[in-house]
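Heads up: the structure comes next, in structure tokens.
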Amino acid sequence: MTGPQDLPDVTEQPQGKGPQAARPGAGKGLRIALGLSVAFNLLVVGLVAGAVLRDGGPRDRMVRDLDLGPFTEAFRPEDREEMRRAFIARMPALRDMRQAMRGDFAALLEVLRSEPFDVEAARAILRQQRGRMQERVDLGQSLILDRLASMSPDDRAAFADRLERRLRFGGRD
Numbered sequence: 077m078t079g080p081q082d083l084p085d086v087t088e089q090p091q092g093k094g095p096q097a098a099r100p101g102a103g104k105g106l107r108i109a110l111g112l113s114v115a116f117n118l119l120v121v122g123l124v125a126g127a128v129l130r131d132g133g134p135r136d137r138m139v140r141d142l143d144l145g146p147f148t149e150a151f152r153p154e155d156r157e158e159m160r161r162a163f164i165a166r167m168p169a170l171r172d173m174r175q176a177m178r179g180d181f182a183a184l185l186e187v188l189r190s191e192p193f194d195v196e197a198a199r200a201i202l203r204q205q206r207g208r209m210q211e212r213v214d215l216g217q218s219l220i221l222d223r224l225a226s227m228s229p230d231d232r233a234a235f236a237d238r239l240e241r242r243l244r245f246g247g248r249d
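To convert a position in the sequence shown, counted from 1, into my numbering, add 76.
What follows is the structure, given as structure tokens:
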């Protein structure tokens, strides 16, 4: 029969074993960078998806969950439809970007599991990801700015009023 004295003390930290023992707190910055990278990706996806939405249909409701709210909703339904068409026309480029991001993550996972950890390799991969995300942001901005530029001054002023109302009252008029 074993008693509590025979069980290992799981509260003790091993001394001098593993990469964390040599560098306390190592990897925290990388975890933060990865978290920010994922958050930024979701933000960009939400911006692009939200900018191209129109009301109606299960597909649109599915994507609308990703939008950024007031900015997207300030566009009229016909504006969102035009932006959706432009977005679909550029989808192949987004698929290529998504595939490249998967490759970046595969490379990052390899670097994270390697010993010794190569901070510079991780930094280079994150830099590549940032560049790809910037391309997505640029596409979203391009779609939005193209639509705004095609509006008459009165339509742009009405858009600004709707946007301001959404920002001020959270979409409640």
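The C-beta atom is built at its ideal place from N, Cα and C for all residues, glycine as well.
Which residue from the options puts its Cα closest to that of residue i?
i: residue 160; options: 192, 215, 181 and 197; result: 215
i: residue 107; options: 188, 180 and 230; result: 188
i: residue 166; options: 219, 235 and 223; result: 219
i: residue 179; options: 190, 192, 202 and 149; result: 202
i: residue 22; options: 238, 200 and 147; result: The chain is shown only over 77 to 249; residue 22 falls outside these bounds and no answer can be derived.
i: residue 250; options: 195, 152, 153 and 232; result: Here the chain has residues from 77 to 249 only, and residue 250 is not among them.
i: residue 155; options: 231, 210 and 245; result: 231
Go ahead and pull the three-state DSSP assignment for residue i.
i: residue 163; result: helix
i: residue 150; result: coil
i: residue 103; result: coil
i: residue 218; result: helix
i: residue 194; result: coil
Quick check: what's the CA-CA separation for residue i versus residue j?
i: residue 228; j: residue 177; result: 38 angstroms
i: residue 170; j: residue 164; result: 10 angstroms
i: residue 235; j: residue 241; result: 10 angstroms
i: residue 147; j: residue 183; result: 35 angstroms
i: residue 226; j: residue 198; result: 42 angstroms
i: residue 98; j: residue 193; result: Note on residue 98: pLDDT 48, under 50, position unreliable in the model; the coordinate value appears next. The alpha-carbon atoms of residue 98 and residue 193 are separated by roughly 12 angstroms.
i: residue 243; j: residue 168; result: 33 angstroms
i: residue 237; j: residue 191; result: 56 angstroms
i: residue 222; j: residue 204; result: 27 angstroms
i: residue 152; j: residue 186; result: 46 angstroms
i: residue 143; j: residue 175; result: Interpretation of residue 143 is limited by its pLDDT of 46, a score under 50 that renders its predicted location unreliable; the figure taken from the coordinates is listed afterwards. Whole-angstrom Cα-Cα distance: 22 angstroms.
Can you tell me where the alpha helix (DSSP H) holding residue i begins and where it ends?
i: residue 227; result: No alpha helix (DSSP H) contains residue 227, which DSSP labels as neither H nor E.
Just to confirm before moving on: does the CB-CB distance between residue i and residue j stay below 7 angstroms?
i: residue 239; j: residue 150; result: yes
i: residue 173; j: residue 206; result: no
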